[in-house]
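Notes for the one structure printed next.
Chains as they are written, first to last, in the numbering used here: chain A, 1 to 181; chain B, 1 to 225.
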């Protein structure tokens with residue numbers, strides 16, 4: 001019984017490792033993950049004080065750098081190094097998950113799905129048959145947790161654990177298939 | 001009733017940052033036509049300035065410290081000391097458990113020095129923001145505020161303590177009407193500002209530690225509206 005559990009744990013760890021390193025397998029994937037990470041970080045940090053962010057960006061969109069740097073400092077001062085680390089970690093995992101989800105979609109299209117419209121619902125709603133829950137489906141739920149306005153460190157930890165869970169279930173997107181609709 | 005002050009950026013001994021001390025400060029017992037009760041609140045600038053800047057703050061708020069150190073001195077030099085605007089310090093306790101006691105400290109320090117040496121309040125005000133630590137709100141307690149008060153010239157700790165003991169509940173209750181004004185203005189965090197033209201009734205809102213240019217634009221627009 002315990003052997004089965006240990007084996008299952010090893011499988012999860014291996015699957016998670018494969019999911020995490022997938023963006024490192026090409027320059028384009030790495031760039032995709034980097035863009036996803038940067039966008040997620042900006043959205044998370046700006047959402048920490050939405051009224052301020054909206055006013056700054058409305059006044060001059062070029063001030064986004066000021067807003068992000070000011071609010072990064074605010075996040076650090078109000079939630080500590082741990083809070084900032086969690087936000088950054090969440091952004092990195094989201095960048096990886098987005099890249100992996102895009103790979104799933106492309107793979108499904110190659111396997112016969114004629115349009116993106118035919119693939120996306122499967123990924124968002126249920127995920128591919130062999131992967132379980134959809135990665136993109138996790139992003140909305142986990143993102144909502146990370147952006148909640150009250151004391152967020154515990155929730156951010158929860159969000160990161162969930163992201164890791166979904167990434168591990170999906171594993172390497174090259175070995176996961178989506179049944180075309 | 002007008003307090004005299006010195007219109008320059010003063011530096012406190014031992015402090016690494018420069019602090020702005022308004023050229024003039026005053027108190028008032030009026031309620032402005034925007035609905036803000038001024039009694040017991042520190043007001044920087046001339047009594048007859050056309051523009052009011054209502055500044056909701058919390059001594060435990062890091063973003064408020066950013067405003068205080070990076071923007072307030074410029075606003076002071078260009079709008080308060082010139083007589084164009086006045087700035088009213090209003091409490092918006094929202095960061096930590098000591099936010100409300102800190103606000104009571106501020107009101108009691110002001111009540112003690114408002115008539116005799118209002119500049120002392122601004123020195124105390126800056127010194128409290130200097131006490132903010134790198135992270136968290138643990139720094140804020142009776143001991144720290146007592147030490148800051150003891151270090152500030154012309155502020156008598158025993159008088160402030162007496163005020164805190166005797167008037168704490170009254171001061172807490174008196175914060176509510178101006179907090180209602182902030183809520184009506186849909187200010188959801190600190191620092192929050194309403195810029196109000198007392199002659200025309202025009203008003204604008206800024207939330208957060210905007211760069212000085214944004215404040216200047218907003219004040220100019222409200223002044224001309």
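For every residue, glycine included, the Cβ atom is placed at its ideal position computed from N, Cα and C.
Per-residue DSSP class, three states only, for residue 71 of chain B: One-based indexing of the second chain puts residue 71 of chain B at position 71. Residue 71 of chain B: coil per DSSP, three-state reduction.
Burial state of residue 23 of chain B, where buried means 16 or more other Cβ atoms lie within 10 Å: Counting from one through the second chain, the residue named residue 23 of chain B turns up at place 23. So residue 23 of chain B ends up on the buried side.
Exposure label - residue 25 of chain A; buried when at least 16 CB within 10 Å: Locating residue 25 of chain A in the first chain gives position 25, where the first residue counts as 1. The residue is exposed, with fewer than 16 neighbouring Cβ atoms inside 10 Å.
Limits of the unbroken alpha helix (DSSP H) element including residue 103 of chain B: Within the second chain, residue 103 of chain B is the residue found at index 103, counting from 1. Note, residue 103 of chain B: alpha helix (DSSP H), 99-113.
Pair within 9 angstroms by beta-carbon distance, residue 190 of chain B and residue 117 of chain B: Position 190 of the second chain, counted from the first residue, corresponds to residue 190 of chain B. Position 117 of the second chain, counted from the first residue, corresponds to residue 117 of chain B. Result no, Cβ atoms of residue 190 of chain B and residue 117 of chain B do not sit closer than 9 angstroms.
Same chain only: Cβ atoms within 6 angstroms of residue 196 of chain B, ignoring 5 sequence neighbours per side: Stepping through the second chain from its first residue, residue 196 of chain B is reached at position 196. For residue 196 of chain B, where only same-chain residues beyond five positions count, the Cβ hits under 6 angstroms are 34, 52, 203.
Rounded distance between the beta-carbons of residue 49 of chain A and residue 208 of chain B, thought under 8 angstroms: Your numbering for residue 208 of chain B matches position 208 in the second chain. Your numbering for residue 49 of chain A matches position 49 in the first chain. Going by Cβ atoms, the distance from residue 208 of chain B to residue 49 of chain A rounds to 6 angstroms, so yes, they are a contact pair.
Own chain partners of residue 82 of chain A with C-beta closer than 7 angstroms, once the 5 adjacent residues on each side are dropped: For this step, residue 82 of chain A is matched to residue 82 along the first chain. Taken in chain order, the residues that qualify are 153.
Terminal residues of the beta strand (DSSP E) in which residue 125 of chain B lies: On the second chain, residue 125 of chain B is found 125 positions in, with the first residue counted as 1. That residue, residue 125 of chain B, is in no beta strand (DSSP E); its alpha helix (DSSP H) goes 118-130.
Cβ pair residue 86 of chain A, residue 160 of chain A closer than 9 angstroms: Translated into positions along the first chain, residue 86 of chain A becomes position 86. Translated into positions along the first chain, residue 160 of chain A becomes position 160. Against a cut-off of 9 angstroms, the Cβ pair of residue 160 of chain A and residue 86 of chain A comes out as a contact.
CB contact below 9 angstroms: residue 58 of chain B versus chain A: Walking along the second chain from the start, residue 58 of chain B turns up at place 58. Cβ-Cβ to chain A under 9 angstroms: no for residue 58 of chain B.
Cα-Cα separation, residue 216 of chain B to residue 169 of chain B: The residue labelled residue 216 of chain B in the question sits at position 216 within the second chain. The residue labelled residue 169 of chain B in the question sits at position 169 within the second chain. Going from the Cα of residue 216 of chain B to the Cα of residue 169 of chain B covers about 37 angstroms.
CA-to-CA distance, residue 29 of chain B to residue 37 of chain B, given in whole angstroms: Taking the second chain and counting its residues from 1, one reaches residue 37 of chain B at position 37. Taking the second chain and counting its residues from 1, one reaches residue 29 of chain B at position 29. Those two C-alpha atoms are separated by around 7 angstroms.
Chain B contact for residue 77 of chain A (CB, 9 angstroms cutoff): Position 77 of the first chain, counted from the start, is the residue given in the question as residue 77 of chain A. For residue 77 of chain A, the answer is yes, since a Cβ of chain B falls inside 9 angstroms of its Cβ.
Neighbour-count burial assignment, residue 61 of chain A, 16 or more Cβ in a 10 Å radius: Position 61 of the first chain, counted from the first residue, corresponds to residue 61 of chain A. Label assigned to residue 61 of chain A: exposed.
Start and end residues, beta strand (DSSP E) containing residue 52 of chain B: Sequence index remark: in the second chain, residue 52 of chain B carries index 52 (1-based). Segment 51-57, the beta strand (DSSP E) holding residue 52 of chain B.
Chain-ordered neighbours of residue 204 of chain B on chain A, where CB pairs are closer than 8 angstroms: Looking up residue 204 of chain B in the second chain gives position 204. What residue 204 of chain B touches in chain A: nothing, since even the nearest Cβ is about 10 angstroms away.
Chain-ordered chain B contacts of residue 74 of chain A [CB-CB under 7 angstroms]: Position 74 of the first chain, counting from 1, holds the residue named residue 74 of chain A. The contacting residues are 62, 63.
Residue 114 of chain B, buried or exposed, once every other Cβ within 10 Å from all chains shown has been counted against 16: Locating residue 114 of chain B in the second chain gives position 114, where the first residue counts as 1. Residue 114 of chain B comes out buried.
For residue 224 of chain B, the nearest candidate out of B:58, B:85, B:21 (CA to CA): By 1-based counting over the second chain, the position of residue 224 of chain B is 224. Nearest of B:58, B:85, B:21 to residue 224 of chain B, Cα basis: B:85.
Length of the line joining the Cα atoms of residue 79 of chain B and residue 64 of chain B: Taking the second chain and counting its residues from 1, the one referred to as residue 79 of chain B is at position 79. Taking the second chain and counting its residues from 1, the one referred to as residue 64 of chain B is at position 64. If I take the Cα positions, the gap works out to 19 angstroms.
Beta-carbon proximity check, residue 212 of chain B vs residue 82 of chain B, cutoff 9 angstroms: As a working mapping, residue 212 of chain B is identified with position 212 in the second chain. As a working mapping, residue 82 of chain B is identified with position 82 in the second chain. Against a cut-off of 9 angstroms, the Cβ pair of residue 82 of chain B and residue 212 of chain B comes out as no contact.
Beta-carbon proximity check, residue 181 of chain B vs residue 54 of chain B, cutoff 9 angstroms: The residue labelled residue 181 of chain B in the question sits at position 181 within the second chain. The residue labelled residue 54 of chain B in the question sits at position 54 within the second chain. Yes, the pair counts as a contact, with Cβ atoms nearer than the cut-off.
Short Cβ contact (9 angstroms threshold) for residue 214 of chain B with residue 59 of chain A: If you number the second chain from 1, residue 214 of chain B lands on position 214. If you number the first chain from 1, residue 59 of chain A lands on position 59. In contact: residue 214 of chain B and residue 59 of chain A (Cβ atoms closer than 9 angstroms).
Cα-Cα separation, residue 109 of chain B to residue 187 of chain B: Residue numbering aside, residue 109 of chain B sits at position 109 when the second chain is read from its first letter. Residue numbering aside, residue 187 of chain B sits at position 187 when the second chain is read from its first letter. Cα-Cα distance, rounded: 26 angstroms.
DSSP-derived helix/strand/coil call for residue 94 of chain B: In the second chain, residue 94 of chain B corresponds to position 94, counting from 1. In the structure shown, residue 94 of chain B sits in coil (DSSP, three-state: anything other than H, G, I, E or B).
DSSP state of residue 234 of chain A mapped onto helix, strand, coil: Here chain A comprises residues numbered 1 to 181, so residue 234 of chain A is not present and cannot be evaluated.
Residue 165 of chain A - containing alpha helix (DSSP H), residue span: Indexing the first chain from 1 puts residue 165 of chain A at position 165. 153-170 is the extent of the alpha helix (DSSP H) around residue 165 of chain A.
CB of residue 89 of chain A within 9 angstroms of CB of residue 33 of chain A, strictly: Counting from 1 along the first chain, the entry for residue 89 of chain A is found at position 89. Counting from 1 along the first chain, the entry for residue 33 of chain A is found at position 33. Cβ distance not < 9 angstroms, so residue 89 of chain A and residue 33 of chain A don't count as in contact.
Residue-chain proximity (residue 62 of chain A, chain B), Cβ-Cβ < 9 angstroms: Start at 1 with the first residue of the first chain, and residue 62 of chain A comes out as number 62. Answer no: the Cβ-Cβ gap between residue 62 of chain A and chain B never drops below 9 angstroms.
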